[in-house]
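What follows is a set of notes on a single structure, which appears directly below.
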Amino acid sequence: MTERTRRQVHLAAHFPGVNNTTVWSDPAAGSNIEFDSFEHMARTAERGLFDFFFLAEGLRLREHKGRVFDLDTVGRPETVSILAALAQVTEHLGLAGTLSSTYNEPYDLARKLGTLDLVSGGRAAWNVVTSNDAFTGANFRRGGYLDYADRYRRAEDFISTARTLWESRVPAIGPGDGSFSHRSEFFDIAGTFGLPPLPQGHPVVFQAGDSPAGRDFAAGSADVVFTRHTGIEAGAAFVADLRARAAGYGREPGSLKIFPGVTFAIGDTAAEAEERSRHIRYQQVSPAGAIAFLEQLWGRDLTAYDPDGPLPDVEPDVDPAAITRGRVRHIKDPRPTIAAWRELAAARHLSIRDLVVEVSARHSFVGTPATIAEQLDAYVQAGAADGFILVPHLTPGGLDEFVDRVVPELQNRGVYRDAYHGTTLRDNLGLPRFRPEAEWTAARSTTRAATTELQEVVS
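416 is the number of the first residue of the sequence shown in our numbering; add one for each residue after it.
In structure tokens form, the structure reads like this:
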């Protein structure tokens, strides 16, 4: 592969929030509420020529053992408001926000995202999440939650409705006067959409589900996928699967971009980087945090155990409601995981805290600026990712060193831009012009009808 044909690396910034990555006890840590923090990180990302700034959102404060979990951050301002303010202090950076398709309504959200696209000059993006738990739903008038089978159907219908509204002012596609009428399984609305045509046509749509249903949803409805797959082999398999699914919906490979979320630790030497990574990881997992982490899996109060001692000798309680509420739980049956952890701890003589550091806080990329740039480049050239969403451990200055030291190394390798060349987020990501909603709907209908017919023949 020649230098001219090498695939380009794309980068994005994740503003740290409610997670086990951010270190709030560090003297260099700032606020996750004051606007200066958001502005600092966004300006740094734009200085580094990143594609977008990614802001997650939770709709209820997490609780642990029935109380607000004080080892997490406890909320922050509303997402779209922050992104709209950032639009005024940046010029090129995309502005992506996580917004639930379960606890919002299409007209209101389409209007907010459309406004963001207008005031930013075409830089809005929407990370569609399918909140599904009654714990979160209790904050809303409708309450309750959606069954698993309904989550993606409503999300797909929601996106379809929003795109119909955005197109209502585009004469070549919609009526041109803003009038709309959308009747479907989940929505029955009609009226007039008050915004002019949007700079991007549609804001860029992100999706982060990894189940078969989530992957199919992304292939049939999204522009960008935010994933947890960070190994080259696993990443390449994930990308290949999504590309194949997208092709099934009549899409070109470049119309769906894949961005894993990654962490990093930089040093002047490999040894220094490893030591820095170890220091950060133990900052991320406090003694109390280690016990709380285990309690989520064991389903029991484990405060009587010493964080610097061996793993609990009791079996997990798998029947009651989750001891931690508001956090996504990826492990359904904890027993195989606990058995593996016990084996690992015994083999390596790990305490509770050591074990939690080992399984929860490992950095994706550790090394000198040159070696990290080399590793990022290798992932992209291997087809394991299109770019990376960087999740720093400090707010708001966690990206500063990366931008100052790693970005120049990527540029020296010829795999990273030296200036923004597009005028919208869609341009800078290398995405094609927006696809009209009627085409999305037709492709989904045709593909799923063919799949159903094949299944009936096989059965």
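For every residue, glycine included, the Cβ atom is placed at its ideal position computed from N, Cα and C.
Treat the numbers as computed from the prediction; the structure is a model and nothing was measured.
### Task
Determine, using beta-carbon pairs with one atom in the region 701-714 and one in the region 756-769, whether at least three such pairs fall under 8 Å.
yes
### Task
State the DSSP-derived secondary structure class of residue 767, mapped to helix, strand or coil.
helix
### Message
Suppose the cutoff is 7 Å on Cβ atoms and the five residues either side in sequence are ignored; what does the same chain contact list for residue 441 look like?
### Response
698 and 809
### Query
By how many angstroms is the C-alpha of residue 824 removed from the C-alpha of residue 879?
As shown, the chain starts at 416 and ends at 874. That puts residue 879 outside it, with no answer to give.
### Query
CB residue 838 to CB residue 537, shorter than 8 Å?
yes
#### Entry: According to DSSP, residues forming a beta bridge with residue 640
622 and 673
### Cβ separation of residue 495 and residue 531, assumed to be a contact under 8 Å, to the nearest whole Å
With 8 Å as the limit, residue 495 and residue 531 qualify as a contact, their Cβ atoms being about 6 Å apart.
### Task
Assign residue 520 to buried or exposed, taking buried as 16 or more other Cβ atoms, counted over all protein chains shown, within 10 Å of its Cβ.
exposed
### Query
Using the beta-carbon count (16 or more within 10 Å), is residue 801 buried or exposed?
buried
### Task
Would you tell me roughly how many angstroms separate the C-alpha atoms of residue 425 and residue 721, rounded to the nearest one?
43 Å
### Query
Would DSSP call residue 483 helix, strand or coil?
strand
### Task
Would you mind working out which of 715, 541, 726 and 659 sits nearest residue 732, comparing C-alpha positions?
715
### Message
Counting beta carbon pairs with one atom in the region 576-583 and one in the region 593-613, are three or more of them shorter than 8 Å?
### Response
yes
### Query
Of the choices 507, 447, 474 and 712, whose alpha-carbon is the least far from that of residue 841?
507
### Message
I need the DSSP call for residue 472, collapsed to helix, strand or coil.
### Response
coil
### Message
Whole angstroms are fine: how far does the CA of residue 516 sit from the CA of residue 546?
### Response
7 Å
### Query
Short check: CB of residue 778 to CB of residue 680, under 8 Å?
yes
### Message
By DSSP's criteria, residue 541 is part of a beta bridge. Which residues make up the other side?
### Response
512 and 620
### Query
Opposite residue 603 in the DSSP bridges: which residues?
598
### Task
In the DSSP assignment, find the unbroken beta strand (DSSP E) run with residue 714 in it and report its ends.
For residue 714, there is no enclosing beta strand (DSSP E), as DSSP gives it neither H nor E.
### Message
Could you tell me the alpha carbon to alpha carbon distance between residue 522 and residue 574, rounded to whole angstroms?
### Response
A straight-line Cα-Cα distance of about 11 Å links residue 522 and residue 574.
### Query
Tell me, which residues are paired with residue 426 by DSSP?
803
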